Every structure is written in structure tokens, then in C-alpha cells.
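Worksheet: the structure to be examined is printed underneath.
Printed below as a string of C-alpha cells:
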């Protein structure tokens, strides 16, 4: 995706609205501008925003921040607790 100012945006993460908000917050704490795509639709009708409804809310950053963003997301995913059923 390219804007009139020649800034390209890239999806770096996809998940639920809560996961995407956490990732967005982590990126913004590291001074990376990020925004959510399909936040509203991905919450109300995730199967419309993403096949199967998984990863319906996307986190988008500038192409210049992709490497730094991916490193932050990878560290987050390594430290994220696994889902356990009782």
C-alpha cells in the first residue's frame, strides 16, 4: 500500500482485537507509529475480515519500521503465556 507521500505501510501482525491492541501499544512504546486495520469489522464479523475468522485485526506500520517492529513482536510472542484449559 502506498500513500501520496510515498510512505508504504506493511502488516506486521494479525490477531484478536485484544492481542492487536497489546502489540500496537508495545510498538508505540518504542516510538513506532502503528495503527489497526479491520478493528471494528474484525471484532463484529471476523470471518468477513479474514478467512476462517483467525487473525482478523491487523497491526500496520511504516515499511521503514518493519524490522524493528518484527523484533518487538517476536519478543512479545516468546514471552506470551500459552493458553491452558482447566
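Numbering (our numbering), first residue to last: 12 to 97.
Quick reminder that beta carbons are idealized off the backbone N, C-alpha and C, glycines included.
Here the structure is a predicted model, which is why all the values come from computation and not from measurement.
Residue i - containing alpha helix (DSSP H), residue span
{"i": "residue 74", "result": "It is not in any alpha helix (DSSP H) - residue 74 carries neither H nor E in the DSSP assignment."}
Cβ-Cβ distance between residue i and residue j below 9 Å
{"i": "residue 87", "j": "residue 37", "result": "yes"}
{"i": "residue 83", "j": "residue 28", "result": "no"}
{"i": "residue 49", "j": "residue 69", "result": "yes"}
Reference residue i, options the options, closest by Cα
{"i": "residue 45", "options": "85, 73, 90 and 18", "result": "73"}
{"i": "residue 91", "options": "33, 68, 67 and 69", "result": "33"}
Residue-level contact to chain C via CB, residue i, 9 Å cutoff
{"i": "residue 29", "result": "No chain C appears in this structure, which consists of one protein chain only."}
Coarse secondary structure for residue i, derived from DSSP in three states
{"i": "residue 18", "result": "coil"}
{"i": "residue 25", "result": "strand"}
Contact test: residue i Cβ vs the ligand SAH heavy atom, cutoff 8 Å
{"i": "residue 25", "result": "Of the ligands one can find in the structure shown there are none, so the ligand SAH has no counterpart to examine."}
Beta strand (DSSP E) segment containing residue i, residue limits
{"i": "residue 67", "result": "Element bounds for residue 67: n/a, residue is neither H nor E."}
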